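Visitor: Here it is, the structure, as structure tokens.
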Amino acid sequence: MKTCLKYLILLCLFIQLTACETIIDECDPVFHERFITRYTIPNAVIIREVSDSTVFVTFGGESVSKSTNSQLYDELSTLYNDLSFNRWLGCGPPVEAFYDSIVKLQVISLDDFDITHPSGSDVSEYIEFRYVSLFDFVQNGYNKEEKNFEDYKGGMEYFYSMLGAKVFKGNLAEINQFNTKLIYNWGFMLRFTQSPEIPDTYRFKIIAQVREKVMETSVSCDF
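Numbering (the numbering used here), first residue to last: -10 to 212.
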């Protein structure tokens, strides 16, 4: 019985090691001359997920890479000085960033939020904006940013291990084209810091402006 059990354990270990070896073979490191492999030229605001009073948002649009639009990709790489990364990276999703800054981002309540914010009011002052910027990492010669794990709680944990990622957070009303450069296109997080007077489901319109384009979408949140 013990001999059978021993062979069974060895067989399981062999299968596991073989599976791991197969995964490694299919996941060989890739040499990257530049850190950012794709840029997104947005044409739509997309709601990725809603969790109570937190909304995860990203942009959909044209993806610019070396293979899809070599000239524009080279121009953007030069603009952001992303020219000499020259490192091997393991397999994983491509590093994709918004090609431009967010000029303005607003959240308009479509219901009466509180006594000072009736339907149609901008409630951006009640919202914390969190996002991951790749700008400093690229500009600082690809040196890893110091990270505080506390900044990654509340929905940002999956950014923690990303090479060079740094979470920025602040009031949504303070967002402008100077502090939203090279946002990682996993998206960003909008978290309400204040709840409405009456617990219920509330509707909102999200308006994003990037240079010459204004995009809108709507979302509902439970409080």
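Just so you know, even glycine gets a beta-carbon here, dropped at the ideal spot from N, CA and C. Predicted model only: the values in this text are computed from it and were never measured.
Three or more C-beta pairs closer than 8 Å, one from the stretch 167 to 186 and one from the stretch 115 to 135: is that the case here?
Guide: yes
Visitor: Between E51 and S40, what straight-line distance do the alpha-carbon atoms span, to the nearest angstrom?
Guide: A straight-line Cα-Cα distance of about 28 Å links E51 and S40.
Visitor: What did DSSP end up calling Q198 once you bin it into helix, strand or coil?
Guide: strand
Visitor: Less than 8 Å between the CB atoms is what I'm expecting for Y115 and F24, so what's the real figure, rounded?
Guide: Going by Cβ atoms, the distance from Y115 to F24 rounds to 35 Å, so no, they are not a contact pair.
Visitor: Measure the alpha-carbon distance for C210 versus S184 and round it to whole angstroms.
Guide: 10 Å
Visitor: Would you kindly check if the distance between the Cβ of M178 and the Cβ of P31 is under 9 Å?
Guide: no
Visitor: Can we say the stretch 155 to 169 touches the stretch 87 to 98, given the rule of at least three CB pairs closer than 8 Å?
Guide: Yes: at least three Cβ pairs fall under 8 Å.
Visitor: Looking only at C-alpha atoms, which of Y191, Y120 and Q198 sits nearest to F45?
Guide: Y120
Visitor: Please tell me whether, using a cut-off of 8 Å, the distance from the CB of F181 to the nearest non-hydrogen atom of the ligand FMN is below it.
Guide: Only the bare structure without any ligand can be found here, which leaves the ligand FMN out of the picture.
Visitor: Thinking just about the alpha-carbon of each residue, which of E38, P188 and G176 is nearest to the one in G156?
Guide: According to the sequence shown, residue 156 is Val rather than Gly. For V156, the nearest C-alpha among the options comes from G176.
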